[in-house]
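Notes to accompany the following structure.
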Amino acid sequence: MAVVADAGVLYGLVAVGAGLATGLAGIGAGVGEQGIGAAVVGVVAEEPGFLGKGLFLMLLPETLIIFGLAVSLILMFAWTPFSGIVTP
Amino acid sequence: MLRPVKMSRVVVAGSKDVISPVVEKLHELRLLHIVNYNGSQAEFGMGKPIGKAKEYSEDLIKLRSFSRHLAIKSKAPEKTYPESQVLSEMDNLLNNVGADVTATFERITAIEADVKSKQDQINSLRPLAVLPLPLEAYYGYDSLATFVGTAASAVDADVAKVSPASEIYSGSAKNATIVAVFVPVEKAGEVSSVLAEHGFAEMSIPRLEGSVDSAIATLEGGIKSLEGEKVPLQKKLADMRKQYEDIMLATDEYLSVQTQKTEAPLRFAETANAFVIDGWVTSDQSGRLKSELESAAGGKVDVQVLDDKESDDLVEHGEDVPTKIDNPGLVKPYELITRLFAIPEYKEFDPSLLIFVFFPLMFGMILGDIGYGIMVLLVVLLLKRKFRTDGWKQLINIVIIADIWAIIFGFFFGEIFGPLGLWGRIMGQLPEAQIELLKGEGLYFGEGVFGSLGRLGPLGIFPMDRLATNAVLLLIGTSIFIGVIHCSVGSILGIKTELNYGEKKHAYFERLPVMLFQIFFALALLGLVMGQMILVIASGIVILVSIVMMVMGPEGPMGLAHVPFYVTNLVSYLRLLAIGLASVGLAYAGNQLAFFVVMPMLSGGATDSAEFSIAAIVIGVIVLTLVHFINLLLGILTPFMHPLRLHYVEMFTKFYSAHGGGVEYSPFGHVRKFLKA
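Below, the structure written as structure tokens:
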């Protein structure tokens, strides 16, 4: 296959992509947690015993970051589609 | 262990003259979970309380009302009292002490209200200080209307227009103009509307005399003397609390027990001369219950233990069998996690044992640091001395067991306060030159599983570096592998639960395909990574079969809507790696910052730790403490909450939610806390 790009540039782009994957997923999870967090604080003010369950509910959207992170990890460590098209 | 304890249905019938000894015995034995009689049969009426039920509950209300004034709450008992002492002190406690407490408390409340009203008066007087009038000038007129308040703009001219005969005073306070307008009563309406145009807001004037300043001084003096009266009263309450707290809790317990006993017949069925009690008892104790009750009632009672067939019929007809979960001591704390979710139904599984197996493993895999492990252990042991209630004890025991796993994983990961932390100094490390040499030869250290730090391990086990490329890949695989096992165990329990309820279709076409799908999805991924196409194709076929089974299942094609959920279930287990990585990353960065940036910079570029100056070491240690403290706080919370989520969302949904929560076995009786047996 023809050489179309410099390895350093490609690696840099992959790193940017990986950062975006985790970062944007983090924003998404944050938006999700915002509402839950507010509601949990409200409930805990009324009934302090709910704190444990509340904290747990707040964790539910955190799966989103895990997905983002999974994509990042794959990009950084496991994905080598460019091996044929970059300069050594 | 995995199943709730076996229960037997018991019916106790007896003559009414032995109802008291029977109740007394039941209360003492604490074996029978009473099923309340619902009044559904015409021949039987509801039971009536026996003995002095009314007196006991009145005393209890009295006691609780003044124990609330003393802010007494239930706590771990420090002292226990024999019943005789409670009885002899009860009269004094309920009448004299109670009256004293109530009077003191009411006086304090009255003082507080008085102080509050004086404070309010002072606040409304303050602005009036800018006007030259004494306070008695503001009220007591028959022919004059008075307007006192704040206005946004000058009112003089406009008021004079509608009411030529008027007297107006004004002065400016902090951020408003204070005006006092006196006009003839008949002009009041017009003046009021004129004032409204100027943004007038009326103030209430306390009916006092003399100048504003002296009135404020009098009020402040009053507040001071009231506060002076309050302090000794509060101290008195605090002293009384200290003196009577334990005996009050014991009395509360005594009265509660008595009310429980005397009101128990409300839950029985009664005829004119007999009573019937329905209930459940653990099967192994049914014989004991029978013989004890019969001897207590002198033969005037009949105890029938129904055989399993009959009990099953009752269950079929929708009666709730109470669930008693019973686990060995080590597993017991983990029942807390089960309870937090829901008590399983009698026919479901009690997952506490599984939580005991998986939860600490997951916690350990996430935290995985000897240093943090020991710190968490110390913190938790400190907390254990402080918090003595049952809930806290269980929580702390959960963390202790899990924490031991964190230390074990710490050896695998070679981390004592992060990978760059104390491991190299305690367990040993290859010298820098040798690492370079080995790297040059392409040997051993590098981006492999063992990372680039050259750490040596005990017993010939080299620690793996969680931040190294291959280690991350290995841990991804391990996480998913744990996920598959975890979910499959859940699915197996799900299949068995459905079979227990006799729902074969749900078992084989709803629960089973999920398990097949998840296992073979993971195998297909493994095949892809290893380049084994046969494995991928074989797994693909099984996945197809499982999907067909789902379509054939009770939900029909709608069942397919859940398929993405089963995939995310597995991906979700990546958090075992991910959260661990985040904390390792933070620890690594902190150590790097302290050892390779802060300390060398402050000691003039020295690279060897022996040459660091004292100041550099002090500042470095502060940086380290800060970073690791934050990391440790996160390190207690997240490795706890995330495995919890993996259990509740990923595992429990496979077998738990199908039939909803059960009723916990709570035998009639009482566990003594403050009363001596």
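Chains G and Z, in that order, are what the protein sequence lines are. Numbering-wise, my numbering puts 47 at position 47 of the first sequence, and it's gapless, one number per residue. Numbering-wise, my numbering puts 643 at position 643 of the second sequence, and it's gapless, one number per residue. Just so you know, even glycine gets a beta-carbon here, dropped at the ideal spot from N, CA and C. In this text, all values refer to a predicted model and were calculated from it rather than measured experimentally.
At 8 Å on the CB atoms, spell out the chain Z contacts of residue i, in chain order.
i, result
"G/F50", "The contacting residues do not exist; G/F50 stays about 11 Å from chain Z at best."
"G/I66", "V571, S572, L574, R575 and A578"
Would you tell me roughly how many angstroms separate the C-alpha atoms of residue i and residue j, rounded to the nearest one?
i, j, result
"Z/H417", "G/F50", "Contrary to the premise, residue 417 of chain Z reads as Phe rather than His in this sequence. Cα to Cα, Z/F417 sits roughly 33 Å from G/F50."
"Z/V762", "Z/R9", "Given a span of 1 to 677 for chain Z in the structure shown, any question on residue 762 of chain Z remains unanswerable."
"Z/H506", "G/I27", "39 Å"
"Z/A113", "G/G52", "38 Å"
"Z/L437", "Z/I408", "31 Å"
"Z/V155", "Z/L195", "7 Å"
"Z/N327", "Z/H647", "18 Å"
"Z/T262", "Z/A53", "5 Å"
"Z/G329", "Z/V671", "19 Å"
"G/V14", "G/M58", "31 Å"
"Z/K496", "Z/D350", "12 Å"
"Z/V584", "Z/L70", "49 Å"
"G/E46", "Z/W392", "21 Å"
"Z/Q434", "Z/R455", "12 Å"
"G/G23", "Z/L32", "57 Å"
"Z/E664", "Z/P265", "21 Å"
"Z/A145", "Z/G210", "21 Å"
"Z/L382", "Z/N397", "12 Å"
"Z/S20", "Z/E55", "17 Å"
"Z/S229", "Z/I108", "Going by the sequence as given, residue 229 of chain Z is Glu instead of Ser. Cα to Cα, the separation comes out at about 9 Å."
"Z/R645", "Z/L314", "36 Å"
"Z/F445", "Z/G428", "Confidence is the limiting factor: at Z/F445 the pLDDT is only 45, short of 50, which leaves the residue's position unreliable and the question unanswerable from this model."
"Z/G683", "G/I36", "The shown model of chain Z, from 1 to 677, leaves out residue 683 of chain Z, and the question about it has no answer."
"Z/Y244", "Z/F674", "13 Å"
"Z/L93", "Z/I50", "25 Å"
"Z/H27", "Z/F341", "30 Å"
"Z/A471", "Z/V5", "44 Å"
For residue i, go through chain G and note every residue whose CB falls closer than 7 Å to its CB, in chain order.
i, result
"Z/H642", "L59"
Round the Cβ separation of residue i and residue j to the nearest angstrom and send it over; I've been treating them as touching at under 8 Å.
i, j, result
"Z/G410", "Z/G368", "6 Å"
"Z/V567", "Z/F521", "7 Å"
"Z/V212", "Z/L125", "6 Å"
"Z/M203", "Z/P127", "7 Å"
"Z/M375", "Z/P643", "Wrong, their Cβ atoms sit about 19 Å apart, outside the cutoff."
"Z/I579", "Z/I366", "5 Å"
"Z/S488", "Z/F517", "Their Cβ separation, rounded to whole angstroms, is 11 Å, which puts Z/S488 and Z/F517 out of contact at 8 Å."
"Z/Y81", "Z/A250", "4 Å"
"Z/I122", "Z/L219", "5 Å"
Which bits of chain G does residue i rub up against, with CB to CB less than 9 Å?
i, result
"Z/I370", "Simply none; closest approach about 25 Å."
"Z/R645", "F56, L59, L60, E62 and T63"
"Z/T568", "T63 and F67"
"Z/L340", "G52, K53 and F56"
When burial is assigned at 16 or more other CB atoms within 10 Å of the CB, is residue i buried or exposed?
i, result
"Z/S295", "exposed"
"Z/D307", "exposed"
"Z/P322", "buried"
"Z/N569", "buried"
"Z/F387", "exposed"
"Z/F668", "buried"
"Z/R575", "buried"
"Z/I480", "buried"
"Z/M530", "exposed"
"Z/I630", "exposed"
"Z/T389", "exposed"
"Z/H486", "buried"
"G/T87", "Per-residue confidence for G/T87 stands at a pLDDT of 46, beneath the threshold of 50, marking its modelled position as unreliable; no derived number is given."
"Z/E310", "exposed"
"Z/F612", "buried"
Going along chain Z, which residues have a C-beta under 7 Å from residue i?
i, result
"G/A70", "V571 and L574"
Stretch-stretch touch, CB-based, cutoff 8 Å, three pairs: the segment 180-196 of chain Z with the segment 94-102 of chain Z: no
Report yes or no: do the segment 135-154 of chain Z and the segment 173-180 of chain Z share at least 3 C-beta pairs separated by less than 8 Å? yes
Can you confirm whether the segment 620-627 of chain Z touches the segment 590-597 of chain Z when touching is taken to mean that 3 or more C-beta pairs between the two stretches lie within less than 8 Å? With the cut-off at 8 Å, the segment 590-597 of chain Z and the segment 620-627 of chain Z touch.
Would you call the segment 265-281 of chain Z and the segment 22-40 of chain Z touching, i.e. three or more CB-CB distances under 8 Å? yes
Using 8 Å as the cut-off, can you tell me whether the segment 281-293 of chain Z makes contact with the segment 57-64 of chain Z, which would need three or more C-beta pairs spanning the two stretches below that distance? no
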